[in-house]
Structures are given as structure tokens and as C-alpha cells.
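Heads up: the sequence lines are chains C and S, in that order.
Using this note's numbering, the first residue of the first sequence is number 555, and each one after it goes up by one.
Using this note's numbering, the first residue of the second sequence is number 16, and each one after it goes up by one.
In what follows, a structure is listed as C-alpha cells, so that the remarks can point back to it.
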Amino acid sequence: MSDDVCVSLEIPAETAFACPVAGLADVLAGRAGFDQRERYRFQLTVEEFCLYLAGLAADNRPLTVGLTGKRHQLRASFVFQAANLSLGALNITSRATTGTRNDTDEEMGLLLAGKAADRFHLQHKGADRFRLEAEVDRAYPEAAPVRLPEGLRPPYTIRPGRDSAQLTQAAALASAVYPPWQCPSSFRTPGKFPDMVVDGQATCVLACDAKGQTAGLLAWSPCSEQGLYFSGPFVFAPPEAAANVARLLVDGFLETVARESYSIVLSFRATSDLPEASFETLGALQSFVDGRLESHPVVFRQLREDNGLAVWCAPQLENFLRQTYDRLALPRDILPVGAPAGRPRRDSLLGATYDRVRNFAELEPFLDGEDMTANLAAHVAAFRRQGIGTILYYMDLAVPWEAALAGDLLQAGFAPMAVLPQGGQADKVVWQHEQLA
Amino acid sequence: MSSLLDRVPDYVRTFERYVPSRPDPVLMRQFGVTHLFRLNNNENALGPPPLAQEAIAAFRPERGAIYPSGDAYDLRQALAIRFGKSPDQFLVGNGSCEVISSVIRAFCGPGDAIVTADKTFAVYEWVAKFSGIEARLVPLVNQALSPEAMLAAVTARTRIVFVCNPNNPTGSWWNRARLERFLTALDGRSLVVLDEAYCEFLDDPDYPDGMEVMERHDNVLVFRTFSKMYGLAGFRIGYLCGSLEAVDIVRRTHITYSVNSLGQIAATAALTDDAGHIAATRRMVNNAKCALRDLFAAMGLEYISGAGNFIMVRTPLSDTLLYRKLMREGVMVRTMTGFRYPNWIRVSLAQEQAMEALAKALPKVLECA
């Protein structure tokens, strides 16, 4: 059973309630064992979002707030109704000092909330209803040096990864043996990985040798309501046993998730140990690693039969989609969507995450706006300044306005690289910025 | 503003609904084919027995306005005559799936558990899970249900053990001695459901007839169906047979009037003269089984072939990809990842034309992969 600390409440959309809710957030973060710095960031996030959203709420509709303290993370959710929602200040490119924005006090608050949280996510729940989630991560110490297990002997068996010490060791081993691109960031601070497993945010199978020593690891996490993103297989067994251990890990993984609620599994960071026959290659992402151009296959498989979908598609993307669907033998009805006739607001909003170690950033659209092309360019420039070379963008073809952004993406220098079947509400297109840093 | 989903129990919220395949015309349009060989659901390609076909043809449309017999009266009489039992020992449902639900509702409450195999017919596990009942899943041993492991999984909370005999999808089965040892060791600690959906495909004298076993073990319920051998899958007729006491208990949680009139009439007729139909179906299945065994052996593919009108084969590529590629060739198979057999497919054994279509399509799509 989850040991999350949870508080949920409905408050009137009045600024006077922001401070008490922030106090509650601080108590919850303390109760969940977070240190002062994270507690403060969480408190600030909650207070500023409450203040901003209270000002937006239509017809004094109440604001529903959910606060959750997990082992590895604090999470705040806000469900609200707002007509003409504009959250441009939440873009990671927003700056209070650039002088390019006419910041109101409220937007300054939003800017602060966006900076205090590690990431946020906006979901459109239909009509004028939205759900905004913000997360603050626990800080963990970096991995200590770890030695590869010696004298591993068959028979190798698979077991669910639950033991905290073994998970910590396995994550550290993977980080030590495999390149950064192939390891989730939680492996670099191995204490985080077992906490994520306890929190239900990650799941894994371990391969063990005859004496129970760790011989391999394969981990996965949900990446959408339909998809699981996996990392691995990480194999620590001798070369002569590697293929067998990899096969056991992959079969153990697929058997574990076969009757869960997910339709697909995918990865951009599968290791070379992956038994290729179990997966399909959808395309490849490019990156520069130590000055060399490397290609990272996008691997995927479905967990059940695909009997077709309808997807929205802008004219600029149609040839790419038709060729891809034909190559993958995927039955799809392609529905045309034109370029946006008019934008619903001035400022667009992009969700952005990045990882300097993996030289990798990801963008997804939360709100369309007149400045979408410029906003994309600003994000690309900001990532370049951080030295990040690989910049991805995700387009969900179930959402007409998202599909209609193909022109903006091409104009901003992105190119479609792969289609993830059922990777979002429907298929998702992975775009990559063509210019590699 | 809590969502509807917030108001449902966890075991419902976290349960994934089953998405059935689309109608054939839709699939044919989507995959660009003009004909589809259905080798995915273990249907009987010969259709129903002749007398059932006649009964279906003779059904007068105006009878559609009349409710069916609420408890399948005539069909239960026919089953009682066939098996030499009381009509009250039979309970007929809208397919075996409904009967599975009724039994779990009748015998399991909060905190209880069922025991079944990890790689078997999925509906036992599904119904338990979305009813808030724990499903304790026991790994197969050598592609067969392990009586020892299943016994070891039984606890004081276990109310039902589901034994699919022969097992779908491996076709393995317990013989008389193995089943008897299992029931003796279980010693009545829980109900045992013997699901014999595919029993009519077997003619081995060592196969234990559940109808006879239940006479010696009053904790045994036998499930059978008209969907497989009898070719009446479209009418959804399944039934259970057990002791008067056990069936009376299940009847309390079973919805009456759930079985349609035409299905009851067709099933009753099917029992009347089925010997020729069963013999013809067995011949068709055996011929197809031999042909596919030869095909898979020639292609160097590992297969599992036991009892029943199906065969499983391990594929050298993702089973879900192979499914799509075979669909483009007009052949529909069942992917086995959902049965916890990743990269295996199950193929129903049917007439020569369908088997030839598969024999032509499979090497073609594997060569292109």
C-alpha cells in the first residue's frame, strides 16, 4: 500500500486562501520528510499558483487543490476552470528582467512558481477545465563508486525488484557500466531509484544468479496513460551469459506488464543487449556524444493487437505519416487538419524538461498562442545556451490543434523522426530539431 | 470538482477494460484486404451441427418479441438427459464468462482469493480483479498447470481454484490420476472449477471427464461451452454443472433471462445429433494440426501443440507486429503477449484453405521482416 502523504481540498477562488494552503503544503512536506529548501520551494509553488489561479477562476468557481508527499517528490495539483487561459510566464524561457514582457504582479508570481518547481504539466480536461500539476523533487546524493559483481554463476532467474539495497546497487551498476544516454537520471542518484519504486513511479525486474547476486536490471515507468517507457536491459553477467540474461529480463518485463492497462512499451535508450526480435524499430534520434554523431534507435512494441485509429494530420506531415504507417503496417484513418486560422491567445506555453548529462531536452505543447514559432525558437536557443544538443518535441495526433502545429515546427527547424503508435491519446510524432549542437 | 473516476473502487479504477477486435468489414477495410481468415478465436470453422443449423433457419422472426426461458429450461432438460443428471444441476449463462462471474460472486467476498495459472484463460483473473478479489497466479511448469504449485498457493482465504483442462493456450491437460491426486490433496478446502471448454476435442481415455469426477467430489464444478466444438460462439451459450447444493448457491448470483431464445434452441438441437459433427471437426483439427506442425518444423519455429483446436508458435519478431503483417495478408491470428507469452501467436485449427493461407502468408511476412 502506498505510504504517500495526501491532502485534498476545495477552496473558494479567493486570494485570502492562498497563504493557509501554502502553510498546509509546508506541513505536508515536513511530514513527508523533505528538507527546508524543498519545503520552501513547494510552499512557494503552491502559494503562487493559488494566488494566480484564484484571479483566473471563472464565476468564482472553486479551486480543487491536491497535495501529495511521495518519497522522492512533492506534487501539487490544481483543477480549475478558466476562460482564455494564458500562462506564458510559465515558459522556462520567461525572465523577469529581460524587459520584453510587461509583467504584472500576477505574472511575476507565476514566473516564481514556475521557477520554484522542477517541472509542471498542464492537462486540458475539456471546455474551459484544466488540471495543472507542479512537482518538486527531493535532492539525493550522487552515486558512490560501485564494483561489478564477480563470479556470477547460472542459473539466472528473474524476480520483481523490491529490495531497496539491491535496487540501489543495480542502479549504480548500470550507471557505472552503461553510457549516460541509456540510463534514467534517477540512476545517477541511486537512492532515488528505490524510492521511485516504492512510490509506484518506477517498476523493475532484476536478474539474479544462483547465489542471488545482481546480474541484470530492466526498469520502466509510465510515459502516458497508454505507454510504458523502459530502460535497459542492463546486464552485469559475463559475456557468455549476457544474451540469456537480457532475454530473461525482457520476457520478465513483458510478462509483468502484459495484463496491465498499457498498450505499448517503448524506449529511446534501450541498450545494445536488447533482443531485437522482440521489438520494432520506429526510427532513430541523433546526438553528438564526445564529438561523434550517434544514432539512438526508437524501439517499441505493442502489448495487444492494434486494430486501427483515426489521427489528425496537417498537410505538411501527411507524406511522412502515410509512409510510416505503410512501413509499420498500421491501419490508420488520416483526418486532415488545416493550419490554425487564428490563435486563441497571445502567449503559447510549452512544457520543457532537460537533462544536461544526457544532452537531451524534450518539449510538449500545453497551450497554443500567436507566438508559437517564436516560443519554439526561444526554447531551442535556451537549450543551446545550456549546451544541449538533442531537442525533441512531441505531437499528439489525437489533438487537432497540436496536429495543426506542423508548420510552426518546420519553420522552427524541427523535423519528424518517428511515430510512436498509441504513444499519447493517439499516435505521437517525435520531432527533433535538425541542428545538432 | 472530483472526477467520476475518483468515486470508483481502486480495483475498478486500475483495471484495464478489454478491447475486442473490430467487426471483420472494418478490419478488412483498415488492412486493405477483401477476405479475412479468422484464426484468432478458436471458432469451429465447420459451423454448428446440422440440426442446430436447421433450428436456427426455422426460427420465426416474431419469436423475437418473446422473452427467452429465464433459466434455459429446455436446454437444461437436454443436458440432464445427455449427462444423466438432474436439470437443476445445470446453470446456463451468456457464455462461460457469465458463469465465471456468477461463481466468483457466489463464493468470494472481500479479502478472499482465487487460485489459477499465470498463463491460462484470462477471464478468471480479470473477473476476480475487477471484483476486488485477489487472483493468485501460479506459473506453469513445462507449459502445463502444476498441481503441486497450485496446491501450495491455496490458503485459508482461497475460495476457488480454476483449472482449465485442457489449458488454453498450451493445450496441456491433467490426466485422471493427476486430477484425482490434486483433488484428494486439496481435501475440499476450496471449490474447484474444471473448465472443460475444449474437452470435446479430446478422445483420449485417460482424459478425466469432469461430469464423472464431480460425482465423487462435491467441491467440483464443471464448465462447458457451445462456443467451440458446437460452433455456436455467436449465440454465447456456456454452462456449469455441479452438485445441487453448489448450483443452488451460484443460481442466487446469476442473472436470469441472460441467454437468448435462439441460442437456447440451437444449443438444444446441437446436443441431439452431434456425433457426426464432432467426428468431422476432430478430423479437420487433426489434419490442420499435422499441417501446421510440419510447416513450423520446416520453418524452424518452436511450437506448442496439445489438445484443442489451436496451436501456439513462437515468432522471430514481435507478435503484435506479426499480427499486423498477417492481417495485411488476410489472416487473423491471436497475439499471445496478453497471455504472458510475448512473441508467440495462437492459431485456430481450421479448414485446408485457411491453413494454406497461413502457410503462404507466414513465410512471406517473416522474410520481409
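A virtual CB, placed ideally from N, CA and C, is assigned to each residue, including glycine.
Within-7 Å CB hit, residue i to chain S
i, result
"LEU836 (chain C)", "no"
"GLN965 (chain C)", "no"
"THR652 (chain C)", "At THR652 (chain C), the pLDDT of 48 sits below 50, so the modelled position is not reliable; the number obtained from the coordinates is stated separately. Cβ-Cβ to chain S under 7 Å: no for THR652 (chain C)."
"MET555 (chain C)", "Unreliable positioning characterises MET555 (chain C) in this predicted model, as indicated by a pLDDT of 49, which lies under 50. The coordinate reading is nonetheless provided below. No - not a single Cβ of chain S is within 7 Å of the one on MET555 (chain C)."
"ASN614 (chain C)", "no"
"SER631 (chain C)", "no"
"ARG858 (chain C)", "yes"
"GLU956 (chain C)", "no"
"ALA960 (chain C)", "no"
"ASN798 (chain C)", "no"
"MET971 (chain C)", "no"
"SER832 (chain C)", "yes"
"GLY862 (chain C)", "yes"
"ALA883 (chain C)", "yes"
"ARG655 (chain C)", "For ARG655 (chain C), the predicted structure reports a pLDDT of 49, less than 50, and the residue's modelled location is therefore unreliable. The matter cannot be settled from this model."
Within-7 Å CB hit, residue i to chain C
i, result
"TYR82 (chain S)", "no"
"GLY353 (chain S)", "yes"
"ALA313 (chain S)", "no"
"LEU373 (chain S)", "no"
"GLN158 (chain S)", "no"
"LYS340 (chain S)", "yes"
"ASN56 (chain S)", "no"
"ASN301 (chain S)", "no"
"GLU31 (chain S)", "yes"
"ASN109 (chain S)", "no"
"LEU336 (chain S)", "yes"
"THR350 (chain S)", "yes"
"ARG37 (chain S)", "yes"
"LEU332 (chain S)", "yes"
"VAL343 (chain S)", "The sequence as given places Arg at residue 343 (chain S); Val does not occur at that position. Output row for ARG343 (chain S): interface = yes."
"ASN358 (chain S)", "yes"
Closest Cα partner of residue i within the set the options
i, options, result
"GLY203 (chain S)", "S:TRP188, S:ARG174, S:ASN183, S:ASP218", "S:ARG174"
"GLY941 (chain C)", "C:GLU687, C:LEU702, C:ALA791, C:ASN913", "C:ASN913"
"HIS292 (chain S)", "S:LEU166, S:MET244, S:ILE360", "S:MET244"
"LEU341 (chain S)", "S:ARG78, S:MET370, S:ILE264", "S:MET370"
"PRO885 (chain C)", "S:ARG32, S:ASP89, S:LEU337, S:GLN45", "S:GLN45"
"LEU621 (chain C)", "C:PRO733, C:ALA773, C:LEU563", "C:LEU563"
"ARG37 (chain S)", "S:ASN59, S:ARG53, S:TYR82", "S:ARG53"
"GLY609 (chain C)", "C:GLY663, C:GLY584, C:GLY923, C:ALA586", "C:GLY663"
"TYR318 (chain S)", "S:ARG343, S:TRP188, S:VAL362, S:VAL300", "S:VAL362"
"ASN861 (chain C)", "S:ASP39, S:ARG32, S:LYS144", "S:ASP39"
"ARG209 (chain S)", "S:TRP189, S:ALA143, S:GLY99, S:ILE71", "Contrary to the premise, residue 209 (chain S) reads as Leu rather than Arg in this sequence. Nearest option by C-alpha distance: S:TRP189."
"PRO150 (chain S)", "S:ALA70, S:ASP309, S:VAL176", "As written in the sequence, residue 150 (chain S) is Ala, which differs from the Pro given in the question. Looking at the Cα atoms, S:VAL176 is the closest of the given residues."
"SER849 (chain C)", "C:ALA932, C:THR944, C:PRO566", "C:THR944"
"VAL693 (chain C)", "C:LEU686, C:GLU794, C:SER631, C:SER740", "For the record, residue 693 (chain C) in the displayed sequence is Ala; it is not Val. Of C:LEU686, C:GLU794, C:SER631, C:SER740, the residue nearest in Cα terms is C:SER740."
"ALA376 (chain S)", "S:LEU310, S:TYR356, S:ASP219", "S:LEU310"
"PRO184 (chain S)", "S:SER320, S:TYR338, S:ARG339, S:THR330", "S:SER320"
"LEU808 (chain C)", "C:ALA795, C:PHE854, C:ALA791", "C:PHE854"
"CYS777 (chain C)", "C:GLN755, C:TRP735, C:ALA630", "C:GLN755"
Supposed contact pair residue j and residue i - C-beta distance, whole angstroms, cut 8 Å
i, j, result
"ALA322 (chain S)", "GLY108 (chain S)", "The pair is not a contact, with the Cβ atoms about 24 Å apart (cut-off 8 Å)."
"GLN976 (chain C)", "SER821 (chain C)", "Not confirmed; about 15 Å, so no contact."
"LEU695 (chain C)", "THR743 (chain C)", "Reading off the sequence, residue 695 (chain C) comes out as Pro, not Leu. Between THR743 (chain C) and PRO695 (chain C) the Cβ distance is about 6 Å, and since that is below 8 Å, they are a contact."
"ALA769 (chain C)", "PRO709 (chain C)", "Actually they are not in contact, since the Cβ atoms of ALA769 (chain C) and PRO709 (chain C) sit about 10 Å apart, beyond 8 Å."
"PHE566 (chain C)", "ASN614 (chain C)", "Checking the sequence, you will find Pro at residue 566 (chain C) rather than Phe. Yes, PRO566 (chain C) and ASN614 (chain C) are in contact; Cβ-Cβ is about 7 Å, under 8 Å."
Closer than 6 Å: residue i CB and nearest the ligand ATP heavy atom
i, result
"THR927 (chain C)", "Judged by which ligands are present, the structure shown has none, so any question about the ligand ATP falls away."
### Message
Check whether the region 271-279 of chain S and the region 212-231 of chain S touch, using three or more Cβ-Cβ pairs below 8 Å as the test.
### Response
no
### Query
Is the number of C-beta pairs between the region 666-679 of chain C and the region 709-726 of chain C that are closer than 8 Å three or more?
The region 666-679 of chain C makes no contact with the region 709-726 of chain C, as fewer than three CB pairs between them are under 8 Å.
### Query
Three or more beta-carbon pairs under 8 Å between the region 126-143 of chain S and the region 301-310 of chain S, yes or no?
No, because fewer than three Cβ pairs between the region 126-143 of chain S and the region 301-310 of chain S fall closer than 8 Å, the two stretches do not touch.
### Task
For the region 714-739 of chain C, list the alpha helix (DSSP H) runs that are entirely contained and at least 4 residues long, ordered along the chain.
718-731
### Query
Does the region 823-837 of chain C come close enough to the region 969-980 of chain C to have 3 or more Cβ pairs within less than 8 Å?
yes
### Task
Write down every uninterrupted run of the alpha helix (DSSP H) in the region 76-144 of chain S whose length is 4 residues or greater and which is fully enclosed by it, in chain order.
88-98, 110-122
### Message
With three or more beta-carbon pairs closer than 8 Å as the criterion, would you say the region 953-966 of chain C touches the region 889-908 of chain C?
### Response
A contact exists between the region 953-966 of chain C and the region 889-908 of chain C.
### beta strand (DSSP E) runs wholly inside the region 893-976 of chain C, at least 3 long, in chain order
903-909, 914-921, 944-950, 968-974
### Query
Can you find at least 3 beta carbon pairs, one from the region 52-68 of chain S and one from the region 265-273 of chain S, that sit closer than 8 Å?
No: the two stretches stay apart, fewer than three of their Cβ pairs being nearer than 8 Å.
### Message
Closer than 8 Å is the cut-off here; do at least three beta carbon pairs connect the region 570-586 of chain C with the region 596-603 of chain C?
### Response
Segments in contact, yes.
### Task
Give, in chain order, every unbroken run of the beta strand (DSSP E) that is at least 3 residues long and sits entirely within the region 237-307 of chain S.
Qualifying beta strand (DSSP E) stretches, in chain order: 252-256.
### Task
Let me know the alpha helix (DSSP H) ranges lying completely inside the region 655-712 of chain C, each 4 residues or longer, listed in chain order.
659-670
### Query
Is there contact here, the region 68-79 of chain S with the region 252-260 of chain S, by at least three beta-carbon pairs under 8 Å?
No, the region 68-79 of chain S does not touch the region 252-260 of chain S.
#### Entry: Segments assigned alpha helix (DSSP H), at least 4 residues, entirely inside the region 173-226 of chain S
191-201
#### Entry: Segments assigned alpha helix (DSSP H), at least 4 residues, entirely inside the region 785-824 of chain C
793-811
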